[in-house]
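Numbering (our numbering), first residue to last: 161 to 486.
Using N, Cα and C, we set each Cβ at its ideal position, and we do this for glycine too.
Please read the structure below before turning to the comments.
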């Protein structure tokens, strides 16, 4: 995390060099090639890139933003949302126009569904053929949404994409796109296995079937309020889910999971009868950990997407740039 992936990329150990060859595209086989690409395409860092004028944007700009986010928080299956709230209205319009101009139209099952493809020249992670880009607004704040996909939505990718979609509907996660990246995420705490905004199977059923919350933009705060009301869990005041920090909500959600898993004299409590299943509790524990990791902030996250600020990513880039390796 936070630029430390440079230790793997810059390593001279044969096993590490093989991992780099297996995980990353041909343009990203050495620290020198990473630095060169990012410094050119980002004009130094993410804060500078987001301030670029209209003429400074191209499809590689979106590639570089994703790669910078990935350096900050490496992930196998995940989505990044770059906070644009600190930019002027004029600059946000520049980014929105660039996203429409340089990324081709495509269907999307994520968030608002306003997907665009930055697949042209995309060669960062082996096995991932598409970079999905969306300009999103949640609770009045603008974000640039970036997600690597295993398949495009063009003619050649329709079959594989639908196969992965059906697998995700059944199991809660898509098909494995890169065995090498999957193995790295399983073996190393430096790469998170999954951190996405699309709901896991148990969590999705909790929203739809138990809490009667519909849509892909339901926030965790909406879920917690409905959950505590439905389960009769009165340990926290009614306004808690909307006013507490993410870390406080994460702590409360873990406490709920513990209390809802405790078998007392009358059996399990706070399960809305038997409607709230163990799979749902397991998914709630996972999202609680993401909330705790957010810290003392007030974010309205949708699920487990990685929300980032440019300043934080820039700090990770500085660590990455300063790391040894050619």
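Limits of the alpha helix (DSSP H) - the one that residue i falls within
i	result
residue 166	166-169
residue 446	438-454
residue 260	249-262
residue 219	219-232
residue 478	470-482
residue 198	191-201
residue 349	Counting along the chain, residue 349 falls outside any alpha helix (DSSP H), and DSSP gives it neither H nor E.
residue 181	174-183
residue 210	206-210
Outcome for residue i when other beta-carbon atoms lying within 10 angstroms are tallied against a minimum of 16
i	result
residue 298	buried
residue 486	exposed
residue 331	Confidence is the limiting factor: at residue 331 the pLDDT is only 47, short of 50, which leaves the residue's position unreliable, though a coordinate-based value still follows. Its Cβ having fewer than 16 others within 10 Å, residue 331 is exposed.
residue 424	exposed
residue 309	buried
residue 337	buried
residue 228	buried
residue 321	Low per-residue confidence applies at residue 321: pLDDT is 49, beneath 50, and the placement is therefore not dependable enough to give any value.
residue 434	exposed
residue 179	buried
residue 183	buried
residue 348	exposed
residue 530	With the chain covering only 161 through 486, there is no way to say anything about residue 530.
residue 196	exposed
residue 404	buried
residue 239	buried
residue 269	exposed
residue 163	buried
residue 473	buried
residue 362	buried
Residue i beta carbon near the ligand MN (any heavy atom closer than 7 Å)
i	result
residue 236	The ligand content of the structure shown is nil, which means the ligand MN is not present either.
Integer Cβ distance of residue i from residue j, believed to fall under 8 Å
i	j	result
residue 223	residue 251	In fact, because the Cβ distance is near 20 Å, the residues do not count as touching under 8 Å.
residue 384	residue 413	6 Å
residue 231	residue 477	6 Å
residue 420	residue 429	7 Å
residue 493	residue 391	There is no way to answer for residue 493, as the model of the chain reaches only from 161 to 486.
residue 410	residue 452	4 Å
residue 280	residue 292	13 Å between Cβ atoms; not a contact.
residue 288	residue 296	That pair is no contact at about 21 Å.
residue 345	residue 352	7 Å
residue 340	residue 286	7 Å
residue 263	residue 277	6 Å
residue 370	residue 432	6 Å
residue 254	residue 225	Actually they do not touch by this definition, with Cβ atoms about 14 Å apart.
residue 350	residue 165	6 Å
residue 167	residue 483	7 Å
residue 284	residue 241	Actually they are not in contact, since the Cβ atoms of residue 284 and residue 241 sit about 18 Å apart, beyond 8 Å.
Start and end residues, beta strand (DSSP E) containing residue i
i	result
residue 238	235-238
residue 308	301-309
residue 292	290-298
Self-check item: Entirely enclosed alpha helix (DSSP H) segments - the region 356-406, minimum 4 residues
Solution: Segments of the alpha helix (DSSP H) lying fully in the region 356-406: 361-365, 380-391 and 400-403.
Quiz item: Do the region 371-384 and the region 449-469 touch if we need at least three Cβ pairs shorter than 8 Å?
Solution: By the C-beta criterion, the region 371-384 is judged to be in contact with the region 449-469, since at least 3 inter-stretch pairs fall below 8 Å.
Quiz prompt | Three-pair Cβ contact test at 8 Å for the region 220-240 versus the region 353-363 | solution = Under the 8 Å Cβ criterion, the region 220-240 counts as touching the region 353-363, having at least three qualifying pairs.
Quiz item: Any chance the region 243-263 sits against the region 467-479, with 3 or more Cβ pairs inside 8 Å?
Solution: Yes, the region 243-263 touches the region 467-479.
Practice problem: Indicate whether the contact test is met: 3 or more Cβ pairs, each with one atom in the region 207-214 and one in the region 180-187, closer than 8 Å. | Solution: With a cut-off of 8 Å, the region 180-187 and the region 207-214 do not count as touching, because too few Cβ pairs lie within range.
Self-check item: the region 250-266 touching the region 213-220, judged by at least three CB pairs closer than 8 Å
Solution: Judged by Cβ distances under 8 Å, the region 250-266 makes contact with the region 213-220, as three or more pairs qualify.
Exercise. Answer yes if the region 394-408 comes into contact with the region 436-445, meaning at least three C-beta pairs across the two stretches below 8 Å, and no otherwise.
Key: With a cut-off of 8 Å on Cβ pairs, the region 436-445 is not in contact with the region 394-408, counting fewer than three such pairs.
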